[in-house]
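Asker: One structure is given below, represented as structure tokens, and several questions about it will come after.
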Ligand code: XMP
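Residue numbers (the numbering used here): 1 to 512.
Written out as structure tokens, the structure reads:
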């Protein structure tokens, strides 16, 4: 996507790469993460105002050490190397990197040797965050030291005449007290950015680009009712209007009243909406299936079938809109390579290949909270924007074991009570996601004077930034007690409620 200003971040595998991108965008400059070995032609085509080399877990001397094309130093584009990024540029330009005698992890005090450019208005003594085993022991030719710490005599360097800088610490983490100022100096003093990127400019640029790409052709979008697909649909809708058709598939695995709400919520949307009632076919195919991966595969396949049928009816539609976000793509572009499949997430996965559709993914560089800002800019209802994420396979992965309509109804009722009470107590927006899970066991209870032998429900509420890691939310005990009481009293078939206190990792957010 062509933005008026852009910083390209070359990713060497740091756990903080995404944070760098966030910080840069928070400062008003659009940034994109690219693999470290991005071909030179592509890098140039991006016309970056600056390049940041991220940190990474490798040592530059390792046999398979990731190194960028050496030509990046000849482009005349400002470069900032961070941690491993500093070592990369020093190594490639002829300096020496060695294992540090004191490995440095955590806090250090930055001593500024030249308070200009990158360190403009940065005083000595501020805390910076280190995380490295190797460090620079000899400067490359024409470089000088602009900062040091107690354990790293060369903690920050710059080229004497070219705009090439390197810092051993991580300015992107909050523990580096002046990190934001240092990144801001790089963007505005060194790269000469103006900082005019925000949700409004994102909408404008993206709508223009989609308009240019789609022309007078048609597009379809699988709309789930969640934030990502909704914001994508509105963006594309704004660009091509009613030539966009959104398809909402009611799988029968939705939450209480969800299908009805979706129909109502999009009444005035700038696109066509087709709601497909596919409950029967999904439930039939899921009959007696207990294995979580089988369930996911079946739902994914059935989804594709429904979608294919709809696309065929529409005819002559070359584009598919998807609400893919940055955390969804990170594994495919990271130098760490695809990680083991833990769960087959389906984001209508496989559709374009099978159906020969070209993808439009307007949000693929953004994080959820940024998507919410874009959504607000598009004046999408707050209640859609602030909804918790909901998995594509729906309640099927929250009913452990086989799925049927009775179980779905029990779970829907229990889940709805939990969500209602979270809203009522203002906890809904303090957690990333909350839901109920129907366990495949019966437990003994006593109601009135009668013995009962009924289902157990687990409640899960987690805090998270992006769903990749999460912790269980410390929801007040009184609230949990109230929810438990209501579920046991109001939902026929449940006589026990438990609360899930597992973090991710080692658990995952969903139970299947
Ligand atoms: P896990 O359970 O893997 O979930 O920790 C992380 C986040 O992803 C959601 N999730 C899914 N979303 N299709 C989706 O669109 C899926 O198949 C899927 N599985 C999990 C989950 O709800 C959580 O927010």
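Think of the CB as a built atom: it goes at the ideal place given N, C-alpha and C, for glycine as much as any other residue.
(1) Less than 7 Å between the beta carbons of residue 231 and residue 321, yes or no?
(2) With a CB to CB cut of under 7 Å and the five nearest residues on each side skipped, what residues in its chain are close to residue 277?
(3) Does residue 415 pass the burial test, meaning 16 or more other C-beta atoms within 10 Å, or should it be called exposed?
(4) So, helix, strand or coil for residue 25, using DSSP?
(5) At a threshold of 6 Å, does residue 125 count as lining the ligand XMP (C-beta to nearest heavy atom)?
(6) With which residues is residue 49 paired in a DSSP beta bridge?
(7) Are residue 24 and residue 14 close, meaning C-beta to C-beta below 7 Å?
(8) Check whether the Cβ of residue 166 lies closer than 6 Å to any heavy atom of the ligand XMP, and answer yes or no.
(9) On the three-state DSSP scale, how would you describe residue 536?
(10) If you follow the beta strand (DSSP E) that residue 482 is in, where does it begin and where does it stop?
(11) Quick check on the burial criterion: 16 or more other C-beta atoms within 10 angstroms. Buried or exposed for residue 382?
(12) Determine, using beta carbons only, whether residue 168 and residue 86 come nearer to each other than 7 Å.
(13) When you compare only the Cα positions, how much space is there between residue 504 and residue 474?
(14) What do you reckon, are the CB atoms on residue 434 and residue 470 nearer than 7 Å?
(15) How far does the alpha helix (DSSP H) with residue 3 in it reach, from first residue to last?
(16) Can you give the Cα-Cα distance for residue 158 and residue 142, rounded to whole angstroms?
(17) Using 7 Å as the threshold, is the C-beta distance between residue 408 and residue 395 below it?
(18) Which of helix, strand or coil does DSSP assign to residue 371?
(19) Assign residue 198 to one of three DSSP states: helix, strand, or coil.
(20) Where does residue 276 sit, in a helix, a strand or coil, going by DSSP?
(21) Could you tell me the distance, in whole angstroms, from the CA atom of residue 284 to the CA atom of residue 252?
(22) For the ligand XMP, is there any heavy atom lying closer than 6 Å to the beta carbon of residue 85?
(23) Going by the DSSP bridge assignment, what does residue 388 pair with across the sheet?
(24) Tell me whether residue 104, by its Cβ, gets closer than 6 Å to a heavy atom of the ligand XMP.
(25) Quick one: complete beta strand (DSSP E) runs, 3+ long, within the segment 148-182?
(26) Using beta-carbon positions only, say whether residue 136 and residue 94 come within less than 7 Å of one another.
(27) Thinking just about the alpha-carbon of each residue, which of 99, 20, 390 is nearest to the one in residue 138?
(28) Can you grab the Cα-Cα spacing for the pair residue 190 / residue 44, in whole Å?
(29) Just verifying my parser: in three-state terms, what is the DSSP assignment at residue 247?
(30) Between the Cα of residue 496 and those of 213, 61, 297, 454, spot the shortest distance and give me the residue it belongs to.
(31) Return the CA-CA distance between residue 20 and residue 9, expressed in angstroms with no decimal places.
(32) Between which two residues does the alpha helix (DSSP H) carrying residue 263 extend?
(33) Per DSSP, what kind of secondary structure is residue 9 in: helix, strand or coil?
(34) Give a yes or no on contact between the segment 210-229 and the segment 180-198, applying the rule of three or more CB pairs nearer than 8 Å.
(35) Hey, would you say the C-beta of residue 553 is under 6 Å away from at least one heavy atom of the ligand XMP?
Answerer: Straight from the coordinates:
(1) no
(2) 250
(3) buried
(4) helix
(5) no
(6) Note: residue 49 sits in no beta bridge, so no partner.
(7) no
(8) no
(9) Given a span of 1 to 512 for the chain in the structure shown, any question on residue 536 remains unanswerable.
(10) Residue 482 -> not in any beta strand (DSSP E); alpha helix (DSSP H) instead, spanning 477-490.
(11) exposed
(12) yes
(13) 15 Å
(14) no
(15) No alpha helix (DSSP H) holds residue 3; DSSP gives it neither H nor E.
(16) 9 Å
(17) yes
(18) helix
(19) coil
(20) strand
(21) 11 Å
(22) no
(23) Beta-bridge pairing links residue 388 to no other residue.
(24) no
(25) 156-159, 164-167
(26) no
(27) 99
(28) 19 Å
(29) strand
(30) 454
(31) 8 Å
(32) 258-265
(33) strand
(34) no
(35) No answer is possible for residue 553: the residues shown for the chain start at 1 and end at 512.
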